[in-house]
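When we follow our numbering, the leftmost residue of the sequence shown carries the number 3, and every step to the right adds one. Beta carbons: idealized from backbone N, C-alpha and C, even for Gly. This report concerns only the one structure given below.
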Amino acid sequence: MRDERRGNANARGYGHKWRKAREQFLQEHPLCVFCQRRGRVTAATVVDHIVPHRGDLKLFWRRSNWQPLCKPCHDIEKARIENGGSLPGCDTDGMPVDPGHHWA
Numbered sequence: 003m004r005d006e007r008r009g010n011a012n013a014r015g016y017g018h019k020w021r022k023a024r025e026q027f028l029q030e031h032p033l034c035v036f037c038q039r040r041g042r043v044t045a046a047t048v049v050d051h052i053v054p055h056r057g058d059l060k061l062f063w064r065r066s067n068w069q070p071l072c073k074p075c076h077d078i079e080k081a082r083i084e085n086g087g088s089l090p091g092c093d094t095d096g097m098p099v100d101p102g103h104h105w106a
């Protein structure tokens, strides 16, 4: 996937070496840690950087900064954490701010 500001995935460090490291990490840590905290058992499919590396390769490769997550937890819960406790487009209760949203 390419983001013009950040470059392509390979340029950001997500090449062959990352894919191999990711595969090994998920074999060693197969369950989503966020789901486990809620008493659920869900397979992890994403290796998340706990502290966003923002291009810092030392932080990128620091395994102690990795955590196994399922895709929904990565895309929703991690976004909430990185946005100070709220999801983009949601109020403080987690409800959509767009009046046209199907929940509104």
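- Straight-line measurement puts the Cα of I83 at about 11 Å from the Cα of D77.
- If you ignore the 5 residues before and after H55, its C-beta comes within less than 7 Å of the C-beta of L61 and F62, all in its own chain and listed in chain order.
- DSSP places V48 inside the beta strand (DSSP E), whose first and last residues are V48 to H51.
- Around H51, the same chain offers N67 as residues with beta carbons nearer than 6 Å, after the five sequence neighbours per side are excluded.
- Contact between L28 and T44 is ruled out by a C-beta separation of about 13 Å, above the 8 Å threshold.
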